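Structure, as structure tokens:
4 protein chains.
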Amino acid sequence: MTASITNLRVRYNECDPMGIAHHTAYPVWFEIGRTELLRQSPSPITYRDLEAKGLALAVVTLEVRYKRPAKYDDVLELRTTITEMGHVKIKHEYELLRDGALLATGRTTLACLDRQGRPQAVPAILRS
Amino acid sequence: MTASITNLRVRYNECDPMGIAHHTAYPVWFEIGRTELLRQSPSPITYRDLEAKGLALAVVTLEVRYKRPAKYDDVLELRTTITEMGHVKIKHEYELLRDGALLATGRTTLACLDRQGRPQAVPAILRS
Amino acid sequence: MTASITNLRVRYNECDPMGIAHHTAYPVWFEIGRTELLRQSPSPITYRDLEAKGLALAVVTLEVRYKRPAKYDDVLELRTTITEMGHVKIKHEYELLRDGALLATGRTTLACLDRQGRPQAVPAILRS
Amino acid sequence: MTASITNLRVRYNECDPMGIAHHTAYPVWFEIGRTELLRQSPSPITYRDLEAKGLALAVVTLEVRYKRPAKYDDVLELRTTITEMGHVKIKHEYELLRDGALLATGRTTLACLDRQGRPQAVPAILRS
Numbered sequence: 025m026t027a028s029i030t031n032l033r034v035r036y037n038e039c040d041p042m043g044i045a046h047h048t049a050y051p052v053w054f055e056i057g058r059t060e061l062l063r064q065s066p067s068p069i070t071y072r073d074l075e076a077k078g079l080a081l082a083v084v085t086l087e088v089r090y091k092r093p094a095k096y097d098d099v100l101e102l103r104t105t106i107t108e109m110g111h112v113k114i115k116h117e118y119e120l121l122r123d124g125a126l127l128a129t130g131r132t133t134l135a136c137l138d139r140q141g142r143p144q145a146v147p148a149i150l151r152s
Numbered sequence: 025m026t027a028s029i030t031n032l033r034v035r036y037n038e039c040d041p042m043g044i045a046h047h048t049a050y051p052v053w054f055e056i057g058r059t060e061l062l063r064q065s066p067s068p069i070t071y072r073d074l075e076a077k078g079l080a081l082a083v084v085t086l087e088v089r090y091k092r093p094a095k096y097d098d099v100l101e102l103r104t105t106i107t108e109m110g111h112v113k114i115k116h117e118y119e120l121l122r123d124g125a126l127l128a129t130g131r132t133t134l135a136c137l138d139r140q141g142r143p144q145a146v147p148a149i150l151r152s
Numbered sequence: 025m026t027a028s029i030t031n032l033r034v035r036y037n038e039c040d041p042m043g044i045a046h047h048t049a050y051p052v053w054f055e056i057g058r059t060e061l062l063r064q065s066p067s068p069i070t071y072r073d074l075e076a077k078g079l080a081l082a083v084v085t086l087e088v089r090y091k092r093p094a095k096y097d098d099v100l101e102l103r104t105t106i107t108e109m110g111h112v113k114i115k116h117e118y119e120l121l122r123d124g125a126l127l128a129t130g131r132t133t134l135a136c137l138d139r140q141g142r143p144q145a146v147p148a149i150l151r152s
Numbered sequence: 025m026t027a028s029i030t031n032l033r034v035r036y037n038e039c040d041p042m043g044i045a046h047h048t049a050y051p052v053w054f055e056i057g058r059t060e061l062l063r064q065s066p067s068p069i070t071y072r073d074l075e076a077k078g079l080a081l082a083v084v085t086l087e088v089r090y091k092r093p094a095k096y097d098d099v100l101e102l103r104t105t106i107t108e109m110g111h112v113k114i115k116h117e118y119e120l121l122r123d124g125a126l127l128a129t130g131r132t133t134l135a136c137l138d139r140q141g142r143p144q145a146v147p148a149i150l151r152s
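Chains as they are written, first to last, in the working numbering: chain S, 25 to 152; chain X, 25 to 152; chain H, 25 to 152; chain B, 25 to 152.
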């Protein structure tokens, strides 16, 4: 499983005085996309399972391009794709749409770390 | 030390499409008031020190009364007072003001817990 | 329609260093419960429709009682009930459960306001 | 005024189950850096003044590189710099430090928009 689709409804508290979703809501949604992608994987493994093993996937880079605003109560479709699975790092790309129109795109790089913040190999189960 | 005053500036992302601070920002500010009250205590002890000892002060009740809206970029004065120090529980009251006008009041009850969520005696150092 | 049930999954960013949902996430969830209750009403009317008419339902009191922690990725059931429909004010009660166990309860009072913050009669359509 | 320094203390609710500031807190801090940079400008003009004139500075791109974690209650220094002032767009760069150690860097592009979301010239007062 290297891609997933998640539906999200924009919350009132995620919107700002411009009446639109604040730009910091988008990386929150991307994180939900990653959680759901993991859940839908054939293994299946949850991020909570990873943390129980003492591993964390820390965000080391984040990029977002905002094209059109999202409004309160909009239903959005988030497409999350794994674009690269390295030894320690995982790259994802995101597309956020409303009724087929692209609102934003994003990219993240995660690093697999232990509880002391030291780089660890991405578990084999995440590579399946 | 049973009372403290903290100044806060309303953040843009704390405001909603009505153009005012969202009601969920207020308990975030109350928590800052408690943190600063602890820091200003004669001991002094920080909440971070408590967590390092395996203790947590968990919120078990919260009440807020909203009287006048707070707006983006407003400078607010938060008055935080300990009103009751029990064996396991601590009660605080809050007054939030702008230029002397009362915007909101609040009350919380915290319980001292260990890492397994079991009630613990409030450390003596917090009683000084 | 005076009651609704909404399912929510606890987001990673809603959790704090204790590993549990931060207490300020609960009133965010209650707001979602109100939004969904309005959407499921026979009329049907959305909160977005109300705002387009220049009306707002502002929270004037909030109470939460926290009984058991909610954890990251938990699926919660939120029961939202209208307990009083006054001329200007609406009262709701909330029950938050996980697998049938009660995690928290809450109560809010909302006031119907115009764009200048003046009290307005709750629209008839909300009373149906 | 093309650069400013802002001090911030990491809030408890900004931290996640890893015990460190969640990655979505950083763009919130960057926004505070921009607000303070504007306030410290010789003019001086506040972002609230801009909004009152019907203008908004919308984030169109965001990039963050996370190098070291920030912890609860840490005092951080945020350096915000305007790197490009175009006709419609403004670019900023950010450095976030703790005790002189670089924790993260960031870049944003803002576009000046009217209330309908149409591009507008950046007001002359922002160029001074």
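By construction, the Cβ of each residue, glycine as well, lies at the ideal position given by its N, Cα and C atoms.
These figures come from a predicted structure and were not determined experimentally.
* Do you know how far the Cα of X/Arg139 is from the Cα of X/Gly78? -> Straight through space, the alpha carbons of X/Arg139 and X/Gly78 are spaced by roughly 6 Å.
* is_contact[S/Tyr36, chain H] using C-beta, thresh 7 Å -> Interface residue, yes.
* Cβ pair count under 8 Å reaching 3, the region 30-46 of chain H against the region 36-45 of chain X -> no
* Which residues bound the beta strand (DSSP E) around B/Gly130? -> Ala125 to Leu137
* **Own chain residues within Cβ distance below 7 Å of X/Ala82, not counting five before or after** => Leu134, Ala135 and Leu137
* Asked: Of all the CB atoms in chain X, is at least one closer than 7 Å to the CB of S/Gly78?
  -> It does not: the Cβ of S/Gly78 has no partner Cβ on chain X nearer than 7 Å.
* To do: Go to B/Val36, then tell me how far its beta strand (DSSP E) extends in each direction, as first and last residue.
  => A small correction: the amino acid at residue 36 of chain B is Tyr; Val does not occupy that position in the sequence shown. Here B/Tyr36 belongs to no beta strand (DSSP E), and DSSP marks it neither H nor E.
* Asked: Looking at C-alpha atoms only, which residue of H/Arg131, H/Gly110 and H/Leu121 is the closest neighbour of H/Pro143?
  -> H/Gly110
* **Pick from X/Arg151, X/Ile149 and X/Glu117 that is closest to X/Gly130, judged by C-alpha positions** => X/Glu117
* Which residues bound the beta strand (DSSP E) around H/Leu150? -> From DSSP, H/Leu150 is part of no beta strand (DSSP E); its letter is neither H nor E.
* **Span of the alpha helix (DSSP H), counted from its first residue to its last, around H/Arg63** => Ala49 to Arg63
* To do: Would you mind giving the Cβ-Cβ distance between B/Cys59 and X/Asp73, rounded to the nearest angstrom? I have them listed as a contact below 8 Å.
  => Note that residue 59 of chain B corresponds to Thr in the displayed sequence, not to Cys. Incorrect: roughly 32 Å between the Cβ atoms, too far for contact.
* To do: Please state if the CB of H/Leu86 and the CB of X/Val88 are separated by a distance shorter than 7 Å.
  => yes
* DSSP three-state call for H/Ala76: helix, strand or coil? -> The answer is helix: DSSP assigns H/Ala76 an H, G or I state.
* Examine chain X for any beta-carbon lying closer than 7 Å to the beta-carbon of S/Gly141, and answer yes or no. => no
* Contacting residues, own chain, Cβ-Cβ under 7 Å from X/Lys91 (five flanking each side not counted) -> Leu126, Leu127 and Ala128
* Asked: Quick one: what does DSSP say S/Tyr96 is sitting in, helix, strand or coil?
  -> coil
* **CB contact flag (H/Lys52, X/Thr48, <7 Å)** => Going by the sequence as given, residue 52 of chain H is Val instead of Lys. Cβ distance < 7 Å, so H/Val52 and X/Thr48 count as in contact.
* Taking only the alpha-carbon atoms, compute the straight-line gap between S/Thr105 and H/Phe54 and give it to the nearest angstrom. => 32 Å
* N- and C-terminal bounds of the beta strand (DSSP E) containing H/Ile114 -> Lys113 to Arg122
* Asked: Is the beta carbon of H/Met42 sitting closer than 7 Å to the one on X/Ala80?
  -> yes
* Establish whether the CB of B/Gly130 and some CB of chain H are separated by less than 7 Å. => no
* Candidates S/Ala94, S/Ser67 and S/Thr132, of which the one nearest S/Pro147 by Cα -> S/Ser67
* Compute the distance between the beta-carbons of X/Arg122 and X/Leu150, then report whether it is under 7 Å. => no
* Nonlocal neighbours in the same chain, by C-beta distance under 8 Å from S/Ala145, ignoring five residues either side -> His111, Val112 and Cys136
* Asked: Does the distance from the C-beta atom of H/Ile44 to that of H/Pro93 stay below 7 Å?
  -> yes
* Could you give the C-beta distance for S/Thr211 and S/Leu62, rounded to a whole number, given that I count them as a contact under 8 Å? -> Limits of chain S in this structure are 25 at one end and 152 at the other, which puts residue 211 of chain S out of reach.
* To do: Can you check DSSP and say which residues form a bridge with X/Ser67?
  => Looking at the DSSP assignment, X/Ser67 forms no beta bridge with any residue, so it has no partner.
* Asked: Taking Cβ positions only, does X/Val52 come closer than 7 Å to chain B?
  -> yes
* Can you find a C-beta in chain B that's less than 7 Å from the C-beta of H/His111? -> Closer than 7 Å: no.
* S/Thr107: buried (16+ other C-beta within 10 angstroms of its C-beta) or exposed? -> So S/Thr107 counts as exposed.
* Report the rounded CA-to-CA distance for H/His132 versus S/Tyr50, giving the unit in angstroms. => Reading off the sequence shown, one finds Thr at residue 132 of chain H, where the question assumed His. Each residue's Cα considered, the two are about 29 Å apart.
* **Residue closest to X/Leu102, alpha-carbon to alpha-carbon, out of X/Gly124, X/Lys115 and X/Ile114** => X/Gly124
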